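Everything in the sequence shown is counted per my numbering, starting at 238 for the first residue and increasing by one. By construction, the Cβ of each residue, glycine as well, lies at the ideal position given by its N, Cα and C atoms. Only a predicted model underlies this, so the values are computations on that prediction, with no experimental measurement involved. Quick notes on the structure that follows.
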Amino acid sequence: MSLASRPGCGQSLWQGARRIKSSEATILEMPIQRKSRDNAVVNDGGNGLVSGDADLPKESHVARESEERLRTLVDNIPQLAWMANADGWIFWYNKRWYEYTGTTPAQMEGWGWQSVHDPQELPRVLEGWKASIATGQPFEMTFPLRSAEGEFRWFLTRVFPLKDEAGRVQRWFGTNTDVHEIRELEERLRKSEERLRVAQDAAGIGTWELDWDDNFQFSPQAYSVLGMAPSPGPITVADVLNQLYLSSDRENLKAALQASRRKKRELHVDFRIRGTSGDDPRWISARGSFFYNSGQPLIVGVFVDVTLSRKEAEQSRAQLAGLRQRKPRAG
């Protein structure tokens, strides 16, 4: 047998029939599988014996039809998709891959896909992909791919191993799903939350949620406003009440929370908490609104440090009282 020709990426492997010289002139169909990256079956010049099963041609034909149906199906999905050998050598991409990247089968075969990756992201992609090849575990990662126009868009990539009955990886099947808009929304949300955090820090505002089991969920700023150490778990109403300076304030806050729940109305209450390092107590204003989240009742609100504004108001009232006392009386 002569050296088998090498099919290009995306093409079917060579498969055909060879006539054996015998009195019966028997025709045997001999599928030639890829044995190496060179796709070569070497002719050693010797003689040999070919034996086969009568069902082989039928089974081989069914396998070819099954693979063609799979490729037709994958060619018509919106995702980019591809198949690789057990060692990660990619031998087939669907049409969407070529349409998006503007590449050719010859450019992409094997490990040629690296050329459409962001050079800054490529090292972690290679590390993760090689680890999956070594362990036979599925691969999942989000990274950008360059389009035919030169634009990088973010894709969620998932790769699954196709194993034989013994658990050995035979092939890999991968998809790349465009998540660029979602990624941009997440980034805008992250920046928006960062701006909100900075604004809350500057204004002395912390946000919170209170469920019907008396558990608070605090933002980092809420801990700071109340002078509490961050906790990995929920903060209870009792934990917050312990921070209050006077027992009368504790009773006022407790009653306000109960009334807000019972009457499903807004919460508005001021209270004093212990100062740090022997400072005077600080005034905190709690504001909240009642609503349902996925059917679960919650009170969502803010803590605002109003110590300075209270002191300024007290000073203004004192000055006004002084002016009234100095005002001359008529007659």
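Backbone secondary structure at residue i - three-state DSSP
i: Arg502; result: coil
i: Ile370; result: helix
i: Tyr482; result: coil
i: Asp556; result: Correcting the residue identity first, residue 556 is Gln in this sequence and not Asp. In this structure, Gln556 counts as helix in the three-state DSSP scheme.
i: Glu551; result: helix
i: Asp451; result: coil
i: Arg405; result: coil
i: Pro375; result: coil
i: Ser546; result: helix
i: Asn413; result: strand
i: Gln316; result: coil
i: Gln357; result: coil
i: Thr309; result: helix
i: Gly325; result: coil
i: Glu386; result: coil
i: Gly365; result: helix
i: Pro587; result: Not covered by the structure: residue 587. The range shown for the chain is 238 to 568.
i: Arg619; result: In the structure displayed, the chain extends from 238 to 568; residue 619 sits before or after that span and is not available.
Cutoff 8 Å; reference residue i; Cβ partners in own chain excluding five residues on either side
i: Val462; result: Gly441, Ile442, Gly443, Ile521, Phe540, Val541, Asp542
i: Asp438; result: Gln458, Ser461
i: Leu490; result: Val477, Leu478, Leu481, Val506, Phe508, Ala523
i: Ser497; result: Glu503, Leu504, Gly525, Phe527, Ile536
i: Glu402; result: none
i: Gln533; result: Asp448, Trp449
i: Phe389; result: Asp355, Pro381, Leu382, Arg383
i: Leu557; result: none
Burial state of residue i (16 or more Cβ within 10 Å)
i: Glu449; result: Residue identity check: residue 449 is Trp in the sequence provided, not Glu. When all chains shown are included, Trp449 counts as exposed.
i: Tyr529; result: exposed
i: Ser586; result: An answer regarding residue 586 cannot be provided, because it is not within the stretch 238 to 568 covered by the chain.
i: Ser352; result: exposed
i: Asn479; result: exposed
i: Ala492; result: exposed
i: Trp445; result: buried
i: Asp486; result: buried
i: Glu549; result: exposed
i: Ala368; result: exposed
i: Ile314; result: exposed
i: Gly404; result: exposed
i: Glu551; result: exposed
i: Ala321; result: buried
i: Leu422; result: exposed
Endpoints, the alpha helix (DSSP H) within which residue i is located
i: Leu463; result: 457 to 463
i: Glu336; result: 332 to 338
Segment limits, beta strand (DSSP E) that includes residue i
i: Trp348; result: Here Trp348 belongs to no beta strand (DSSP E), and DSSP marks it neither H nor E.
i: Ser526; result: 519 to 530
i: Pro398; result: 389 to 400
Cβ neighbours of residue i in the same chain (closer than 6 Å, five flanking residues each side left out)
i: Gly339; result: Ala385
i: Val474; result: Asp451
i: Val406; result: Ala323, Gly373, Pro398, Lys400
i: Leu447; result: Phe453, Ile536
i: Asn331; result: Val311, Asp312, Ala318
i: Pro467; result: Tyr460
Cβ-Cβ separation, residue j to residue i (assumed contact under 8 Å), whole Å
i: Ala523; j: Gly538; result: 6 Å
i: Arg306; j: Leu317; result: About 20 Å; that fails the 8 Å criterion.
i: Phe392; j: Val416; result: 6 Å
i: Arg434; j: Gly411; result: Actually they are not in contact, since the Cβ atoms of Arg434 and Gly411 sit about 38 Å apart, beyond 8 Å.
i: Thr544; j: Arg519; result: 4 Å
i: Trp350; j: Ile370; result: Rounded, the Cβ-Cβ distance is 14 Å, inconsistent with contact.
i: Leu363; j: Asn413; result: In fact, because the Cβ distance is near 16 Å, the residues do not count as touching under 8 Å.
Other residues of its chain near residue i: CB distance less than 7 Å, five sequence neighbours each side excluded
i: Pro471; result: Asn452, Phe453, Gln454
i: Ala366; result: According to the sequence provided, residue 366 is Trp. The question's Ala does not apply to it. Around Trp366: Gly325, Phe376.
i: Leu359; result: Gln351
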